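In the working numbering, the protein residues as written are 496 to 533.
Each residue gets a CB set at the ideal place from its N, CA and C atoms; glycine is no exception.
Since the model is a prediction, treat every value here as computed from it, not as a measurement.
These notes are about the structure you will find just below.
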């Protein structure tokens with residue numbers, strides 16, 4: 496609960512939050528191949 500309250504306080508004071516714009520974007524194919532993910 497304290498962590499959630501901390502996140503709310505940071506959002507109110509600084510306007511910080513998560514970004515869904517980049518959160519769901521796949522890495523480039525070069526990185527996938529370099530890390531042997533698939």
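*asked:* Quick check on residue 531: does DSSP put it in helix, strand or coil?
replied: coil
_Taking 7 Å as the limit between beta carbons, can you name the residues of its chain near residue 506, skipping five residues before and five after?_
512
*Proximity test, Cβ basis, 8 Å: residue 500 and chain D*: Annotation note: the requested chain D is absent from the structure, which comprises a single protein chain.
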